[in-house]
Amino acid sequence: MTGVKAIKRRRDVHKKVSEKKKARSEARKIRKETGDPGQTPKTIENQRKKSETILEPETAEQDRIEEVERDIATDEFSSYFNKEYEPKILLTSCTKDIKKKTRKFMIELSRVIPNTTIYKRRDDKLKKIIPHAIDDGYSDIVVINENSQKPNGLLLIHLPDGPTANFRLSNVRTTKEMRKDHKLITEHRPEVILNNFTTRLGHSVARMLASIFHYDPEFKGRRVVTFHNQRDFIFFRHHIYWFKSGERCALRELGPRFTLKLQSLQMGTFDTKFGDYEWTMVEKRKEIEKNRRQFVL
Amino acid sequence: MAYQEDFNTFVGGLTGAFKGIKVTRKGKIIIKNLQNTKHLSNKNQITALNWGDDAERDILMGLSDQSVKVYDTEHKQFISSFEAKHGKLPIIGLAKFNRHILAGYKSGDVKFLNCDNHKMMRTEWRVGPSLDSMKVKKHLMATGGEENQLKLWDLNSTKLIYHAKNVKPDFLDLKVPVFISDIGFFPSNDKIVYCSKHGHVRIHDPSVPQKRPVLDMSVKSNNGDPHVLTALAIAPMREQHVVVGSAAGQMSLLDLRHKGIPIKKYKSFRGSIKAIAVPETEPIILTVSLDRFFRIHNMFNHGLRYQQYFQSRLSSILIRSDFSMSSKGTKEDVEILD
Chain A
1 MTGVKAIKRR RDVHKKVSEK KKARSEARKI RKETGDPGQT PKTIENQRKK
51 SETILEPETA EQDRIEEVER DIATDEFSSY FNKEYEPKIL LTSCTKDIKK
101 KTRKFMIELS RVIPNTTIYK RRDDKLKKII PHAIDDGYSD IVVINENSQK
151 PNGLLLIHLP DGPTANFRLS NVRTTKEMRK DHKLITEHRP EVILNNFTTR
201 LGHSVARMLA SIFHYDPEFK GRRVVTFHNQ RDFIFFRHHI YWFKSGERCA
251 LRELGPRFTL KLQSLQMGTF DTKFGDYEWT MVEKRKEIEK NRRQFVL
Chain B
1 MAYQEDFNTF VGGLTGAFKG IKVTRKGKII IKNLQNTKHL SNKNQITALN
51 WGDDAERDIL MGLSDQSVKV YDTEHKQFIS SFEAKHGKLP IIGLAKFNRH
101 ILAGYKSGDV KFLNCDNHKM MRTEWRVGPS LDSMKVKKHL MATGGEENQL
151 KLWDLNSTKL IYHAKNVKPD FLDLKVPVFI SDIGFFPSND KIVYCSKHGH
201 VRIHDPSVPQ KRPVLDMSVK SNNGDPHVLT ALAIAPMREQ HVVVGSAAGQ
251 MSLLDLRHKG IPIKKYKSFR GSIKAIAVPE TEPIILTVSL DRFFRIHNMF
301 NHGLRYQQYF QSRLSSILIR SDFSMSSKGT KEDVEILD
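Written out as structure tokens, the structure is:
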């Protein structure tokens, strides 16, 4: 008796499933005929929890927007965006003995960022390098950190009085690893694209990253540097483009490529002991990453 | 409506933004810009904020370009502004003493501003190599800073009446560094508490012959690193409790009985805590931080009560001594304010 019941039940289930499938295919047919796009799929991007620091010009109060504008207009990078100085970068490493991959990466970075000097690190403290760099007219210091013989951190210090941003560096691929030729990289100043930095913190970080490149790109070189923010990871890509015919344009990637993730933004120059953090992940990682639909940049 | 029932909290920012806030129990919080947003600039940051009189009508505001502004909370306007040039470093503390305004500079100098009669012994003097905190209670002034031990001054005679002694050297016989970042007077007794950037919270008692602290504790992270304490507030309701905040956005409640232990930690900070205020009657903690947020935490119950994005990096907070969340004014008054 039980066998017959089971067969019956199975048949019923099969019937239901096939009916469902039929209904679905019919609905799809109708949708195709009418040109209805259907429901939009839920993604983390469109389900993002809105940050309080994003002020929409339509809804937010006028004086709040004005205050943000005044804050941005008078921050540490205002003199760069007013074209008062040309960026001059000091590129160095965390220690004096760095391995091949980090050294190669530093050389490649110096090809991308114009007006960069690679400083061979000795046993000197970063806190002591900073005043000398200010005297020598440098506008920023980039420090590449190495761990397990690979570059894993990028520290960006704006001179003369901050801020300092600490990024985790991952997925570093040099030109050679990408099977590209570094000779394609010309010495022209590149264009810079900053993508998808929406929050107030994102604006600060974007301004900081923009200010290490020259404000006046040489379009003749057709080189583009992109910082694309997606879910708090900043993807760095380096391309060359050329026009084919009329509206068509070709793109070719040059090296290197890497990913950055913000760890902290500190007011003032590098000071791990008493530094005042504007934003930090110290002891807050779980709290910040608790909601996977909430982003900080 | 009397001015005391108007805004009960004032906040100053590093863009020079100055805001009045009315905190009410029902969660409706009214915020108003008291400084015109057109004049904001990161070049004139508010570095000191204090009451200008005992009735809590005037607010003194010290800016990083060494000018002092006075705001009248009754007429809701700035009534005066004057330069207080002294050296190059900013003003870090302002206080009213008798008819004079007392300003403390980061360079380690203290100066009476606008004193016409020279009856006083001296109008400016040096309190140490660097000054990071200056607090005044009646005729007493406490000062401290980087490698500048806690000192207590009598403002009537401008004499040093108490000079704290550093704690004993550590087990390696090395000097324990001093970096006082914030000072607080206990309201009911003579004791003084300070926090340091090396993570120490110490209580000194000037009424006893002992010059070393009567209580010495340190606030540490889970991995053993000391917190860089930047702000401190005494809970007036329970005097054995002190709230401290750090430069990496950690805030904890300390119990000072016995040897002193952290009894509670507060979450949701992202940046350095610049100033903390605890009202006398309500069990809440008001904080401003560099992450541009103003927050209200419940002192004992779990959780954040309220937070608001304030667009500027915030540096200072001032609350009325009769701070109360229950609004005395009628409903209409609140709406007019809004």
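Quick note, the sequences are listed as chains A and B, same order. Here the first sequence is numbered in the UniProt record's numbering, starting from 1 and rising by one per residue. Here the second sequence is numbered in the UniProt record's numbering, starting from 1 and rising by one per residue. C-beta: ideal position from N, C-alpha, C; glycine also.
Cβ distance (whole Å) where residue i is taken to contact residue j below 8 angstroms
i: T269 (chain A); j: T164 (chain A); result: 6 angstroms
i: V178 (chain B); j: N148 (chain B); result: 7 angstroms
i: K165 (chain B); j: K211 (chain B); result: 4 angstroms
i: residue 341 (chain B); j: V282 (chain A); result: Here chain B comprises residues numbered 1 to 338, so residue 341 (chain B) is not present and cannot be evaluated.
i: V243 (chain B); j: A235 (chain B); result: 6 angstroms
i: R257 (chain A); j: H238 (chain A); result: 7 angstroms
i: L232 (chain B); j: D182 (chain B); result: 4 angstroms
i: E74 (chain B); j: R57 (chain B); result: 6 angstroms
i: I98 (chain A); j: E146 (chain A); result: 5 angstroms
i: E282 (chain B); j: M251 (chain B); result: Rounded, the Cβ-Cβ distance is 17 angstroms, inconsistent with contact.
Nearest-angstrom Cα separation, counted from residue j out to residue i
i: T198 (chain A); j: I44 (chain A); result: 16 angstroms
i: N301 (chain B); j: R10 (chain A); result: 56 angstroms
i: A39 (chain A); j: K50 (chain A); result: It should be noted that the sequence gives Gln, not Ala, for residue 39 (chain A). The straight-line gap from Cα to Cα measures roughly 22 angstroms.
i: H241 (chain B); j: L55 (chain A); result: 38 angstroms
i: L215 (chain B); j: G260 (chain B); result: 8 angstroms
i: F310 (chain B); j: R292 (chain B); result: 5 angstroms
i: T157 (chain A); j: T92 (chain A); result: According to the sequence shown, residue 157 (chain A) is Ile rather than Thr. Rounded to the nearest angstrom, the two C-alpha atoms are 12 angstroms apart.
i: G184 (chain B); j: E177 (chain A); result: 59 angstroms
i: Q47 (chain A); j: L94 (chain B); result: 48 angstroms
i: K96 (chain B); j: N33 (chain B); result: 25 angstroms
i: V110 (chain B); j: G104 (chain B); result: 4 angstroms
i: H228 (chain A); j: L60 (chain B); result: 45 angstroms
i: K265 (chain B); j: M299 (chain B); result: 10 angstroms
i: C94 (chain A); j: V143 (chain A); result: 6 angstroms
i: N195 (chain A); j: L265 (chain A); result: 19 angstroms
i: S316 (chain B); j: K19 (chain B); result: 11 angstroms
i: N166 (chain A); j: W279 (chain A); result: 11 angstroms
i: V23 (chain B); j: Q308 (chain B); result: 12 angstroms
i: I31 (chain B); j: S170 (chain A); result: 43 angstroms
i: T330 (chain B); j: K106 (chain B); result: Any reading at T330 (chain B) must be qualified, since the residue scores a pLDDT of 44, below 50, and its modelled position is unreliable; the value itself is stated next. Distance between the alpha carbons of T330 (chain B) and K106 (chain B) is about 44 angstroms.
i: I273 (chain B); j: S211 (chain A); result: 28 angstroms
i: D140 (chain A); j: R305 (chain B); result: 40 angstroms
i: I130 (chain A); j: S289 (chain B); result: 27 angstroms
i: I288 (chain A); j: D75 (chain A); result: 26 angstroms
i: E26 (chain A); j: K42 (chain A); result: 23 angstroms
Simplified DSSP assignment, three categories, for residue i
i: Q4 (chain B); result: helix
i: D135 (chain A); result: helix
i: R103 (chain A); result: helix
i: T259 (chain A); result: strand
i: D12 (chain A); result: helix
i: F82 (chain B); result: strand
i: Y119 (chain A); result: coil
i: F219 (chain A); result: helix
i: D338 (chain B); result: Bear in mind that the predicted position of D338 (chain B) carries a pLDDT of just 40, short of 50, making it unreliable; the figure below should be weighed with that in mind. The answer is coil: DSSP assigns D338 (chain B) none of H, G, I, E or B.
i: H139 (chain B); result: coil
i: E282 (chain B); result: coil
i: K76 (chain B); result: coil
i: G52 (chain B); result: coil
i: K331 (chain B); result: At K331 (chain B) the pLDDT is 46, less than 50, meaning the model places this residue with poor confidence; the figure from the coordinates comes in the next sentence. Helix, per DSSP.
i: R62 (chain A); result: Note that residue 62 (chain A) is Gln in the sequence shown, not Arg. If DSSP states are grouped into helix, strand and coil, Q62 (chain A) belongs with the helices.
i: H302 (chain B); result: coil
i: E191 (chain A); result: strand
i: K183 (chain A); result: helix
i: A250 (chain A); result: strand
i: E124 (chain B); result: strand
i: G3 (chain A); result: helix
i: I130 (chain A); result: helix
i: M208 (chain A); result: helix
i: G202 (chain A); result: helix
i: H214 (chain A); result: coil
Any non-hydrogen atom of the ligand ATP within 6 angstroms of residue i CB
i: K20 (chain A); result: In terms of ligand content, the structure shown is empty, and the ligand ATP therefore cannot be addressed.
Worksheet item: Name the residues in the stretch 175-209 of chain A whose C-beta lies less than 9 angstroms from a C-beta of chain B; which are they?
Response: Those would be R200 and L201, in chain order.
Worksheet entry | Contact set between the stretch 303-322 of chain B and chain A, restricted to residues whose Cβ is under 9 angstroms from the partner | Close to chain A, meaning a Cβ-Cβ distance shorter than 9 angstroms, are the following residues of the stretch 303-322 of chain B: Q307, Q308, Y309, F310, Q311, S312 and R313.
Fill in: Where the stretch 226-248 of chain A meets chain B: residues whose CB sits under 7 angstroms from a CB there
Along the stretch 226-248 of chain A, there is no position whose C-beta sits under 7 angstroms from a C-beta of chain B.
Discussion item. In chain order, what are the residue ranges of uninterrupted beta strand (DSSP E) at least 3 long that sit wholly in the stretch 183-267 of chain B?
Written reply: Here the runs fully enclosed are 192-196, 200-204, 215-218, 229-234, 241-246, 251-255 and 261-266.
Worksheet item: At a Cβ cut of 9 angstroms, what residues of the stretch 264-287 of chain B count as close to chain A, listed as they run along the chain?
Response: For the stretch 264-287 of chain B, the residues whose beta carbon sits under 9 angstroms from a beta carbon of chain A are, in order, K267, S268, F269, R270, G271, S272 and K274.
Fill in: Interface residues of the stretch 46-66 of chain A facing chain B [CB-CB below 7 angstroms]
Correct list: E52, T53, D63, R64 and E66.
Discussion item. Ignoring anything shorter than 4 residues, give me the alpha helix (DSSP H) runs that lie fully in the stretch 136-178 of chain A, in order along the chain.
Written reply: With a minimum length of 4 residues, no continuous alpha helix (DSSP H) run stays inside the stretch 136-178 of chain A.
Worksheet item: Unbroken alpha helix (DSSP H) runs of length 4 or more, entirely within the stretch 34-94 of chain A: which are they?
Response: Runs of the alpha helix (DSSP H) inside the stretch 34-94 of chain A: 62-73 and 78-81.
Worksheet item: Residues in the stretch 202-219 of chain B with C-beta within 9 angstroms of chain A's C-beta atoms, listed in sequence order?
Response: Listed in sequence order: no entries.
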